[in-house]
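Asker: Residue numbers for the sequence shown, in the numbering used here: 24 to 228. Take a look at this one; I'll ask things after.
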Amino acid sequence: MELNDMKDMWQKMDDVLRQQTMINEKMLNYMIKERSTKPFNTLSNAEHFNFISTIVILFASLLLIPYLGNNIGVIICYALMLMAMAATLVYSYRILKQIKKMDPSTTPVADLAQRTEKLKLELNRYKMTFLIAGPALMFLAYVVMFKVVRGVNILDNIQKYTPVILIAIALYTIIFLSVYRTYYFKNIKAIQDNLREAEIFKQQD
C-alpha cells in the first residue's frame, strides 16, 4: 500500500470519527435538552399557577376586612393568614427564579444536573415547611371563613368544629402531597433520569 493511499485511508477514518462524534453530540443534546423540555415546562407551569393563584387569593382576602367584625381573635387569625400567604408568595417567587435557571434550552449541560438537584432540595424544604405550617394555615382560614360566610366565631366553641377542621387538614395534606408528587418531583425525576442516561451514553461512547 502506497503512502498516499494510507493517508487517504486515515483521512477517511478521521472523517468517519468526526461524523460519529457529531452524531453522538446531537443525540446527547436530544437526550438532555429535547427530552427534558416537557417535564421542565410542566414544572414551570405548575409553579406559575401557584404564584398567580396565591396573588389572586391574597388580594381577594383583602376584600374580607369589612366582614371580620371586631373580635380580636378573628382579627389575629386573619392577620396571620395574610402573613402566611405573603410568605408563600415570596417563596414561590424564589422557586420560579430557580426553575428559570434550569431551562434545558438555555442552561449549559454541565450546570443542569447541579441546578436540578438544588431545586429538588429546595422543594423538599418547602414541602416539609408546608406540611408543618399547612394545618395551622387551614385552621386560620376556617376561623376567618366561618366568620365571613356564616357570621360565626368558631373560637367561641372550638370543640364543636374540631372534627371538621381535622378532616379539612387531612384532605389538605393528601392533596398537597399528591400535587407535589405529580407536578414537581415526578418531573424533576424525569429530568434527572435524562441526565443519567446521557451520562451513561457518553461513557459508553
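Backbone N, C-alpha and C fix where the C-beta goes; we use that ideal spot for every residue, glycine too.
1) Check whether the region 142 to 156 touches the region 204 to 223, taking contact to mean three or more Cβ pairs, one atom from each stretch, closer than 8 Å.
2) Whole beta strand (DSSP E) runs in the region 90 to 153 with 3 or more residues, listed along the chain?
3) Going by C-alpha distance, which of LEU200, VAL172, TYR165, LEU178 is nearest ILE155?
4) Would you grab the beta carbon distance between THR196 and GLY157 for me? Rounded to a whole angstrom, and I think it's under 8 Å.
5) Tell me whether the beta-carbon of GLU57 lies closer than 7 Å to the beta-carbon of ILE122.
6) Relative to the C-alpha of LEU85, which candidate in ASN73, VAL97, ILE75, TYR101 has its C-alpha closest?
7) Kindly indicate which residue of ASN93, GLY92, ASN73, LEU91 has the alpha-carbon position closest to the one of ALA109.
8) Mind checking whether LEU295 and VAL175 have CB atoms under 7 Å apart?
9) Below 7 Å between beta carbons: does that hold for SER59 and ASN217?
10) According to DSSP, simplified to helix, strand and coil, what is LEU87?
11) Just tell me which of LYS61, THR65, LEU91, PHE63 has its CA closest to the CA of LEU163.
Answerer: By the coordinates alone:
1) Below 8 Å, enough C-beta pairs join the region 142 to 156 and the region 204 to 223 to call them touching: three or more.
2) If we require 3 residues or more, the region 90 to 153 turns out to have no beta strand (DSSP E) run fully inside it.
3) The residue with the shortest Cα to Cα distance from ILE155 is LEU200.
4) Approximately 7 Å separates the beta-carbon atoms of THR196 and GLY157; this is inside 8 Å, confirming the contact.
5) No, the Cβ-Cβ distance between GLU57 and ILE122 is not below 7 Å.
6) For the residues ASN73, VAL97, ILE75, TYR101, the minimum Cα distance to LEU85 belongs to TYR101.
7) Answer by Cα proximity: ASN73.
8) Residue coverage of the chain in this structure runs from 24 to 228, which leaves residue 295 outside it and unanswerable.
9) ASN217 is positioned such that its CB atom lies closer than 7 Å to that of SER59.
10) LEU87 sits in coil when the DSSP states are folded into three classes, being neither helix nor strand.
11) The candidate whose alpha carbon is nearest that of LEU163 is LEU91.
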